[in-house]
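Visitor: The structure that follows is given in the form of structure tokens.
Number of protein chains: 2
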Amino acid sequence: MEKAVVLLSGGVDSAVTLYMAKEEYECHALIFDYGQKAAKELEFAKKIAEAAGAEYRILKISLPWKGSALLDEARAIPTVSLCETKRGGFAVPAGSVSGGGEIPATYVPARNIIFLSFAVSYAEAIGAEAVFIGAHQLDFSNYPDCRSEFFESFRETVRRGTKRGSEGREVRIVTPIIDRTKKEIVETGSRLGVPFEYTWSCYRGGEKPCGTCESCLFRRRAFEEAGVRDPMGS
Amino acid sequence: MEKAVVLLSGGVDSAVTLYMAKEEYECHALIFDYGQKAAKELEFAKKIAEAAGAEYRILKISLPWKGSALLDEARAIPTVSLCETKRGGFAVPAGSVSGGGEIPATYVPARNIIFLSFAVSYAEAIGAEAVFIGAHQLDFSNYPDCRSEFFESFRETVRRGTKRGSEGREVRIVTPIIDRTKKEIVETGSRLGVPFEYTWSCYRGGEKPCGTCESCLFRRRAFEEAGVRDPMGS
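Residue numbers (our numbering), protein chains in the order written: chain Z, 186 to 419; chain W, 186 to 419.
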């Protein structure tokens with residue numbers, strides 16, 4: 186069985202991605218402890234990896250310059266509400282804290298470039314064929330590093346900037362849920378038996394999910410739309 | 186004065202790059218402690234940053250999968266010799282440990298993608314206009330992440346994958362010595378007053394430079410060709 190490195194955050198998207206990847210690959214999960222307020226998600230990520238029978242590593246990195254409400258104690262996690270979009274999904278409405286096509290305060294500068302770079306390094310070192318990342322560009326927060334056009338360019342960068350790439354044996358960057366709605370992601374996870382009780386979405390990382398951050402709202406809507414009970418829901 | 190983040194390793198190339206950058210920018214040096222055998226270069230990097238009057242940060246990252254002779258105690262740093270190329274520079278000869286167009290054992294998987302990603306994150310967070318990196322593609326070790334075509338693609342990735350990029354205010358990735366020979370780099374450094382006594386090139390990181398690793402050989406040739414005395418030379 187070929188190997189894959191899977192970026193795992195402890196949230197629903199990466200958990201579903203891991204369960205998709207493990208249908209075809211021997212999975213090596215890579216979890217980042219990067220100073221996120223929701224450090225709690227690390228414990229969930231470990232549980233998911235264990236449930237999936239995947240090896241995992243937690244890598245501690247430091248982003249001392251912060252630059253994000255997810256990292257900076259001096260910046261509050263925005264409280265938001267959702268509205269329906271024409272595509273039938275849900276988006277942060279124009280005029281809300283992070284809406285109107287703006288990139289929200291929860292954006293972490295260059296986060297996915299950093300995470301993917303480590304994953305590619307790991308994949309190259311252990312001879313893994315692919316790197317999986319659970320980014321999606323529908324029902325999302327407008328993060329630039331979750332869009333297809335970003336991944337297309339990153340793939341080219343990896344082709345040109347790595348030994349494997351320059352030898353024509355590229356590390357494939359796989360984004361299996363990139364064009365799925367959050368509802369579809371929950372449906373897929375439900376079908377694959379993802380233990381959602383081991384996933385954590387809340388940006389705030391309190392005792393229980395806050396229910397008012399962007400991530401909590403997207404999650405609640407998705408489970409409601411999919412008709413799946415959220416074991417972490419209120 | 187606009188700000189720039191400058192990747193600093195403690196070697197000659199990044200020191201010269203820092204001195205070039207500081208002619209135009211307020212420089213913030215970023216130094217990586219990534220488990221390199223030549224950990225000694227960190228002390229040199231600090232001295233260079235201080236000499237240049239630049240702020241600096243040392244970021245500790247972990248690459249537990251290693252995948253390089255620079256990191257793995259179980260893999261020896263290759264001993265090499267140089268030969269003259271048609272371009273007038275020097276290259277590792279075909280048939281030597283790392284020669285013949287091959288990528289040497291000292292290649293670190295995805296290293297420059299990782300370093301640049303952090304630098305871009307830092308630049309975005311502090312509002313720096315540019316990231317400087319002292320890579321060059323002549324007289325070099327055939328590392329894929331030191332070639333122009335890699336940087337071109339990485340620039341596009343940053344344009345697409347960052348907030349700044351998607352707002353049309355890209356973080357510029359500057360490679361001021363990319364097409365210079367090592368001789369020219371030493372000449373430039375000499376002209377700019379780079380204190381070469383604070384630079385460390387040897388991959389082995391012993392008491393004194395070994396004189397037989399690729400990096401020592403490139404350095405010696407460059408100083409000889411430039412007619413500059415190397416204060417670290419034997």
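By construction, the Cβ of each residue, glycine as well, lies at the ideal position given by its N, Cα and C atoms. No experiment lies behind these values; they were computed from the predicted model shown.
Answer with buried or exposed for Z:M205, where buried requires no fewer than 16 other C-beta atoms within 10 angstroms of its C-beta.
Guide: Looking at its Cβ environment, which holds 16 or more other Cβ atoms inside 10 Å, Z:M205 is buried.
Visitor: For Z:A320 and W:E240, what's the separation of their Cα atoms in angstroms?
Guide: Roughly 35 Å separates the two Cα atoms.
Visitor: Would you please verify whether the beta carbon of W:K225 is less than 8 Å from any beta carbon of chain Z?
Guide: No - not a single Cβ of chain Z is within 8 Å of the one on W:K225.
Visitor: Which residues, taken in chain order from the region 357-370 of chain W, show a beta carbon closer than 7 Å to some beta carbon of chain Z?
Guide: Residues passing the 7 Å Cβ filter: none.
Visitor: Strictly by DSSP, which residues pair up with W:L248?
Guide: Paired residue(s): none; W:L248 is not in a bridge.
Visitor: Express the C-alpha separation of W:E399 and W:T291 in angstroms, rounding to a whole number.
Guide: In a straight line, the C-alpha of W:T291 is about 9 Å away from that of W:E399.
Visitor: Between W:D198, W:A200, W:S194 and W:E209, which has its C-alpha nearest W:A315's C-alpha?
Guide: The residue with the shortest Cα to Cα distance from W:A315 is W:E209.
Visitor: Roughly how far, in whole angstroms, is the beta-carbon of Z:A223 from the beta-carbon of Z:Y388, given that I think they are within contact range, below 8 Å?
Guide: Indeed they touch by this definition, with Cβ atoms about 6 Å apart.
Visitor: What separation, rounded to the nearest whole angstrom, lies between the Cα atoms of W:A261 and W:K251?
Guide: Each residue's Cα considered, the two are about 13 Å apart.
Visitor: Do you know how far the Cα of W:E372 is from the Cα of W:N327?
Guide: So the two alpha carbons sit approximately 22 Å from each other.
Visitor: Between the C-alpha atoms of W:T202 and Z:L203, what's the straight-line distance to the nearest angstrom?
Guide: One C-alpha to the other measures close to 42 Å.
Visitor: W:T397 to W:P289, Cα distance in whole Å?
Guide: Computed Cα separation, rounded: 15 Å.
Visitor: Starting from the Cα of Z:K231, find the closest Cα among Z:Y219, Z:Q221, Z:L215 and Z:I370 and give me that residue.
Guide: For Z:K231, the nearest C-alpha among the options comes from Z:L215.
Visitor: Check distances from the C-beta atoms of the region 234-268 of chain Z to those of chain W and list, in chain order, the residues that come in under 9 Å.
Guide: Within the region 234-268 of chain Z, the residues whose Cβ lies closer than 9 Å to some Cβ of chain W are R242, L244, K245, I246, S247, L248, P249, W250, K251, G252 and S253, listed in chain order.
Visitor: Give the range of the beta strand (DSSP E) segment to which Z:K188 is assigned.
Guide: Its beta strand (DSSP E) spans residues K188 to L192.
Visitor: At a Cβ threshold of 8 Å, is Z:S281 touching chain W?
Guide: Because Z:S281 carries a pLDDT of 41, less than 50, the predicted location of this residue cannot be relied on, and the following value inherits that uncertainty. Chain W contact via Cβ: absent.
Visitor: Give the interface partners of Z:K348 over in chain W, defined as CB-CB distance under 8 Å, in chain order.
Guide: Neighbours of Z:K348 on chain W, chain order: I288, Y292, P294 and P329.
Visitor: Residues of the region 299-325 of chain Z in Cβ contact with chain W at a cutoff of 7 Å, in chain order, please.
Guide: Listed in sequence order: I299, S302, F303, V305, S306, Y307, E309, A310 and I311.
Visitor: Since Z:E334 meets chain B, which of its residues come closer than 7 Å, beta carbon to beta carbon?
Guide: The displayed structure is made up of protein chains Z and W, and chain B is not among them.
Visitor: With 16 as the cutoff for other CB atoms within 10 Å, does W:E258 come out buried or exposed?
Guide: W:E258 comes out exposed.
Visitor: Along chain W, which residues have their Cβ under 8 Å away from the Cβ of Z:F408?
Guide: The premise fails here: Z:F408 is roughly 29 Å from chain W at the closest Cβ pair, so nothing lies under 8 Å.
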